[in-house]
Structures are given as structure tokens and as C-alpha cells.
Amino acid sequence: MTNKTYTRFVKRWEEVMDVPPQTLGPFTKPYKKLTRRLKVMPWPWLVVISLISVIGLYMFIGSAITLLVTVLQRGF
Amino acid sequence: MDSTGSLLVSGVWFLRNALGVIIKPYETYRRIVDHGRLGELFYIGILLAGYFALASLVKEASFRPFLLTRQFVALSTTAAISFFLASATIWIVGTLIGGTGSWRRVTLAWGYTMLPTLTWFLVTSLLYVLLPPPRTTGVLGVAFSIVYLIFSVTLFFWKIVLAYLTLRFGLRLDAKKIAVVAAIIVPLFIVYSIGMYKLGVFKVPFL
């Protein structure tokens, strides 16, 4: 390993170790699985989760979602 | 480096980080809290001011300079106060819970969480002009509502991700402490939002 690469590695290592690794007991594995998908280009996942949430809401309250949207559209 | 040069450098950093929070939020937030410049907030402020100018026009729906200026000043002042109150609250509560970051780190990181907020408010204002409410319960009305809600919820989740990263990197907190901080500050934000609603400034909280 060249000196430059090593210096870069040490710098990166220090950056990564600035915050302690996340541990959540039995939930550590699912947490890591979830965050891995959100670290780089999270949009496909965010859209899929939103789509599921909105379809769920539509199935729950039906066309009343238009009322919710009317309120939100006036909310700015 | 003089102040103009420093501001230009901050502008380049802002563009890089703004793109980064879209594509690589995790890595970008590390960079923002470690190497970010307070000058980047200036560009976020410029974008927000641009939006408030547009929102004043849409809200007033008439070209009367006094009313427009009053509306613009009310929106900008309230948003600026909200921003600094929010970042100070996060920093104070986070520090009390055991966080070790500085207020500068938290403010910079929280500044970038304004991007989803700004995007939502900007698109909502434009849609208010293009497709004014109320929505009908017909097929087109429901279809638009579903698309609009998907857009809104996606941005909301993006905001949550960035807010989480603010606490994670800005204050070096672990997930349990982040949950505790969230449990304290979310009710405070709700109370503040109700206050803003009652004052008639923002119906949806600009946080």
C-alpha cells in the first residue's frame, strides 16, 4: 500500500469511526438491512414505502383522501 | 481568502452537498458536519427567500406591494425564527441526552433538512396555481390525490432520514438516544406548529 493510499485510508477510517457503530440488540440486523438501502440512492425505497402507505390509506378511507389533499394543497 | 471568495466556495460546497443529500445522504451528511461551512446556509436562505416571494404572490393573489411585502416579511421572519429555534432545541435536548456535537454542526445539518421542506412547499404552491383545490371524488381527482400524496409522503420520509442523520452525525447519538430526543422534540414541534397555525402564518409547519 502506497503512503498516499494509506493516508487516505486512515483519514477515511477516522471519519467512519467518528460515530460509534450502531447496535440495537436483536434489531441490529434488520436495522443494518434497512439503512443499507437508504445510504445510497434511497429514492426507489422511499417511493415504494410511500406507495404502500398511500394505497393503504386509500383502502382505509377511500375517496376521502381527496379531502386530505384539498387541506394539504391549502396548507402552504 | 476574502468574503466574496469564501461565499463562492460555500456556494460550490452547497451545490455539491445539495446533490449529495439526494443521491448519497449518509456519506454527504458526514461531510456536511465535518467540513461544512456556515456560508452554505446563506444559499439555503436565498432559496427560501425566493420561495417566500413566490408564496406571497400566490397567497395574496394581487400585485399590491404593501400586502406582498408584509406577507413576505411575515413568512421569512417566522421561518428564520422557526429554523433557529428548531436547531437550538435539537442541540440543547441532544446535548442533555448525551450528544457531543457542536451547535454549528447541528445547524448546518438541520439546514439541509430544509431542502425537502422547500421542495414540498414550492411544488404545493405551484400546484395551487395550476390545479387549484378542492379535489373532486371523480377518477381524475382521486388519481391526482394518490400521486400528490405519494409525492408528499416520499418527501416526508426523506425529511425523516435527513433529520435522523442530523442527530446521528451532528450530535454523534446512537439510535436509542435519537429515539429519546425525538420523543422530546416532536411534541414540542407539534405545539409550535399549532401556534403557527393559530397565528395563520403556516397551516402546514415549515420546519
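As you go down the protein sequences, you meet chains V and F in turn. FYI, the numbering for the first sequence is 1161 to 1236, going by this note's numbering. FYI, the numbering for the second sequence is 926 to 1132, going by this note's numbering. Backbone N, C-alpha and C fix where the C-beta goes; we use that ideal spot for every residue, glycine too.
Using a 10 angstroms sphere on the CB of Val-1229 of chain V, the tally of other CB atoms reaches 16 or more, which defines it as buried. About 7 Å separates the beta carbon of Met-1121 of chain F from that of Thr-1003 of chain F, a gap short enough to meet the 8 Å contact definition.
In the structure shown, Arg-995 of chain F adopts helical secondary structure according to DSSP, grouped into three states. Residues Trp-1205 of the same chain have their beta carbon placed closer than 7 Å to that of Leu-1198 of chain V, with the five preceding and five following residues left out of the count.
One Cα belongs to Leu-933 of chain F, the other to Gly-1222 of chain V, and the distance between them is close to 50 Å. Cβ-Cβ distances below 6 Å link Ala-1005 of chain F to nothing in the same chain once the five nearest sequence neighbours on each side are left out. Closer than 7 Å to the CB of Leu-1194 of chain V there is not a single CB belonging to chain F. Burial is judged here by how many other beta carbons sit within 10 angstroms of a residue's own beta carbon; Leu-944 of chain F has fewer than 16 and is exposed. For Gly-1185 of chain V, the closest Cβ of chain F is not nearer than 7 Å. Close CB contacts of Leu-1043 of chain F within its chain, under the 7 Å cut and outside five residues either way in sequence, are with Leu-972, Leu-973 and Tyr-976 (chain order). Judged by DSSP in its simplified three-state form, Asp-927 of chain F adopts coil rather than helix or strand. Contact between Leu-1096 of chain F and Gly-1019 of chain F holds, since their C-beta atoms are separated by about 4 Å, short of 8 Å. Taking a beta-carbon distance threshold of 7 Å, Phe-997 of chain F does not count as an interface residue toward chain V. Around the beta carbon of Arg-1060 of chain F, a 10 Å sphere encloses 16 or more other beta carbons of the protein chains shown; the residue is thus reported as buried. In the pairwise beta carbon analysis, the segment 1032-1048 of chain F is classified as touching the segment 954-969 of chain F: at least three pairs are separated by under 8 Å.
In this structure, the alpha-carbon of Tyr-1218 of chain V lies about 38 Å from that of Arg-941 of chain F. Annotation for Val-1111 of chain F: the continuous alpha helix (DSSP H) segment containing it runs 1100-1124. Here Gly-1026 of chain F carries a coil assignment [DSSP, helix/strand/coil]. For Gly-1023 of chain F, the number of other beta carbons within 10 angstroms of its own is below 16, and it is reported as exposed. Per DSSP, the unbroken alpha helix (DSSP H) holding Gln-1233 of chain V starts and ends at 1225-1233. Taking 7 Å as the cut-off, the beta carbon of Leu-1074 of chain F is found closer than this to the beta carbon of Val-1214 of chain V. Below the 9 Å Cβ cutoff, chain V contributes no neighbours of Ala-1011 of chain F, its closest Cβ being approximately 18 Å away. Chain-ordered, the chain V residues with CB closer than 8 Å to the CB of Thr-1049 of chain F read Leu-1232, Gln-1233, Gly-1235 and Phe-1236. The CB of Val-1214 of chain V comes closer than 7 Å to the CB of Ile-1071, Leu-1074, Ile-1075 and Val-1078 in chain F, given here in chain order. Closest in C-alpha terms to Val-1200 of chain V, from the list F:Val-1086, F:Phe-1008 and F:Val-937, comes F:Val-1086. Counting every other CB atom within 10 Å of its CB across the protein chains shown gives Tyr-1166 of chain V a total below 16, marking it as exposed. Rounded to whole angstroms, the gap between the alpha carbons of Asp-1178 of chain V and Arg-1093 of chain F is 11 Å. When only Cα atoms are considered, Ser-1210 of chain V and Ser-928 of chain F end up about 43 Å apart.
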